[in-house]
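*Asks:* Just passing along the structure, written as structure tokens.
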Amino acid sequence: MTISSLPLADSSLLRQQMYIGGDWIGDADHPVNDPASGEKIAFVPRADGKLARQAIEAAQVAMAEWKARLAADRAKLLRR
1 MTISSLPLAD
11 SSLLRQQMYI
21 GGDWIGDADH
31 PVNDPASGEK
41 IAFVPRADGK
51 LARQAIEAAQ
61 VAMAEWKARL
71 AADRAKLLRR
């Protein structure tokens, strides 16, 4: 298998954190290993039950706001 990567002109676009309720949370301190080679391929943040609950609650709030928008407004946001 070949893995290729594209250059990222703006490195601030790459975040190895969780985006919960409008905030970036957590440090990327948990290694992810390729099961075939054992090689470390990434680091991701750890989440506990408290953070999972925060994420669920934030998603529920966002969904309610999204559903309240007119379909035409949602379409404009998705097309920009």
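Residue numbers (full-length UniProt numbering): 1 to 80.
Note that CB positions come from ideal geometry on N, CA and C, so glycine has one too.
This one's a predicted model, so the numbers in the text were calculated from it and none came from an experiment.
1) By Cβ distance below 7 Å, which residues in the same chain neighbour leucine 8 in space, the five residues on each side in sequence not counted?
2) Just the C-alpha distance for asparagine 33 and isoleucine 41, rounded to the nearest angstrom, thanks.
3) Cα separation between glycine 21 and glutamine 60?
4) What's the gap between the Cα of lysine 76 and the Cα of arginine 69?
*Replies:* Looking at the atomic coordinates:
1) Leu14, listed in sequence order.
2) Cα-Cα distance, rounded: 6 Å.
3) Spanning the two alpha carbons is a distance of roughly 10 Å.
4) Taking the straight line from one Cα to the other gives about 11 Å.
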